[in-house]
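Residue numbers (my numbering): 37 to 564.
Built from N, CA and C at the ideal position, the CB exists for glycine as well.
For clarity, every value in this text was computed on a predicted model and none was experimentally measured.
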Ligand code: NA7
């Protein structure tokens, strides 16, 4: 088995499959474990899923021994946790760090995969797990002159290991998604002057982060099994339920109370207060209006507030952001919001950023410009399946998977938490476990039957793609120009990539497929 990537999914794949008796080799481009948590070291980086949930569930001893210090863990704490896991289960000995996979090619005679790396490795494997992460291929915007800038350029997803000191500097930030919204308040505290270059405003809610006391931790740990059970049945992989009735069936008072409660609690759950919030435009508007009222109230300048309120998408149709004093940051004297909708960036030169009406002199530039999400990292791997077809060619019109796990023409190649699965709509740690366990069972099934490979049929994949698209069409999400839709990358097909039916429902579907003898997959016998 070759596993590509040593983030949450790759590490668990190594642990689980090695324990099952497979010989596993992991290749990881970074010099350490952690995946996105290894790379995204920007100031303010923090998970938007609670730490108690965003952690492995496979070993109760691990759950009990680890102590999270805050409700939402910072990037350094998550990285520390992942390193602890790597040490505890002796994972490093099977990981080749600083090594990028460059080619993955199928030998159609043997149905084995030939894997090559930039370090000169050439290995043959029966199984490949792609654990490259849906948000790992950084998007560097094509802005004229970017290379000519004289100061430091920092992409949030390629942040230097040593912290960057912006004291006394004039800093520009391009991008106001989750990464920008977390970085901006932190950099504003240091920089002499901060220019935020905003193209689209986003919805952000206060994260509501708090330190965890010993009592909090003890209560969480005492309840872990039930918490996990509910999480695996839930919509998004954490044990929270929406309000019991649709927004439009609740009275105005009841609605406000429900929104207020979620607002005070903080975090992404605000976008799931009512069950119909992202399926019914009118319901959605009640959440949007409450949000707008809250946000306008903390911004001093109404003109700035006007620019910070999104006008182009419904709340929750792009990944909602969570923050710590993001909007209040614009009340500071050293922060300027530049509205790129009115005055787009024309170019960057040695001294700064030129927009349609002004030249902003800066000493450092932060790119919080996101990712070629869900497909970018996999398509880069040069994966060649049956008939010499590359994965990139197979996905030219958008990703085509069966259950997110298999691709027709690519036998024994399993994708973790990517398109066609719940993916970014769920808690990635539990999702990784769900996928790895499914693959482990599938391999055991093959071995019991003496079969060599599992391969999604084109028919099953086509009908799953249709199912994903039909389910998305019942919601408001396809109406936004989000990275879920590939809309942030010029030329990318416009397809809603995740399965939106919920984490619990998805888990049931993939379990049923397995129980039905891997329905929709060809189980290929030796010599076939
Ligand atoms: P996002 O959410 O994709 O945000 C990227 C931001 O960068 C967004 O505001 C973009 O504006 C902006 N952007 C991208 N290219 C440009 C150019 N060329 N000019 C100006 N502005 C630009 O990425 P994040 O890293 O913040 O978050 C990704 C996910 O990671 C997040 O949702 C969490 O799930 C974790 P646009 O909206 O395209 O107008």
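In this structure, the alpha-carbon of residue 258 lies about 51 angstroms from that of residue 425. Secondary structure remark: continuous beta strand (DSSP E) runs of at least 3 residues inside the stretch 130-166, in chain order: 137-143, 148-153, 158-161, 164-166. In terms of CA proximity to residue 143, 151 leads the group 136, 151, 137. Bounds of the alpha helix (DSSP H) holding residue 504 are 494-509.
In this structure, 478 is the residue among 324, 478, 86 with its C-alpha nearest to the C-alpha of residue 492. With a cutoff of 8 angstroms on beta-carbon distance, residue 466 and residue 451 are scored as not near each other.
The ligand NA7 never approaches residue 536 closely enough for any of its heavy atoms to be under 7 angstroms from the residue's Cβ. About 31 angstroms separates the beta carbon of residue 365 from that of residue 534, a gap too long to meet the 8 angstroms contact definition. In this structure, residue 212 has its CB closer than 7 angstroms to one or more heavy atoms of the ligand NA7. Put simply, the stretch 399-406 touches the stretch 203-213. At least three CB pairs are less than 8 angstroms apart. Judged by pairs of C-beta atoms under 8 angstroms, the stretch 126-135 does not touch the stretch 429-444, as fewer than three such pairs exist.
Here the stretch 169-177 makes contact with the stretch 64-73; the two share three or more CB pairs at distances below 8 angstroms. By the neighbour-count definition (other C-beta atoms within 10 Å, threshold 16), residue 346 is a buried residue.
In its chain, beyond the 5 residues on either side, 152, 153, 154, 418 have a beta carbon closer than 7 angstroms to the beta carbon of residue 138. Note on geometry: alpha-carbon atoms of residue 40 and residue 378 lie some 43 angstroms from one another. Using a Cβ distance threshold of 8 angstroms, residue 521 and residue 507 do not count as a contacting pair. DSSP, reduced to helix, strand and coil, places residue 375 within a strand of the structure shown.
Relative to the Cα of residue 413, the nearest Cα in the group 422, 423, 405, 428 belongs to 428. Rounded to whole angstroms, the gap between the alpha carbons of residue 50 and residue 475 is 12 angstroms. The Cβ-Cβ distance between residue 513 and residue 317 does not fall below 8 angstroms.
Selection 332, 382, 356 evaluated against residue 314 yields 356 as nearest (Cα-Cα). The beta-carbon distance between residue 540 and residue 303, rounded to whole angstroms, is 20 angstroms. This is too long to meet the 8 angstroms contact definition. Not a single heavy atom of the ligand NA7 lies less than 7 angstroms from the C-beta of residue 437. By the Cβ neighbour-count rule, residue 140 is buried, with 16 or more other Cβ atoms within 10 Å of its own. DSSP places residue 397 within a strand segment (E or B) once states are collapsed to three.
Under the DSSP definition of a beta bridge, residue 487 partners with 561.
Between residue 175 and residue 437 the beta-carbon gap is near 22 angstroms, outside 8 angstroms, which marks them as no contact. Classified as buried, residue 322 has 16 or more neighbouring CB atoms from the shown chains inside 10 Å of its CB. Shown here, residue 255 sits in a helix according to DSSP, grouped into three states. Looking only at 388, 268, 563, 472, the smallest Cα-Cα distance to residue 187 is reached by 388. For the set 312, 353, 296, 311, the Cα lying nearest the Cα of residue 331 is the one of 296.
If you draw a straight line from the Cα of residue 275 to the Cα of residue 381, it is about 43 angstroms long.
In the structure shown, the three-state DSSP call for residue 549 is helix. When C-alpha distances from residue 247 are compared across 103, 517, 97, the shortest belongs to 103.
In this structure, DSSP gives residue 77 a state outside helix and strand, which the three-state scheme calls coil. For residue 260, the CB contacts under 6 angstroms within the same chain, skipping 5 residues up- and downstream, are 99 in chain order.
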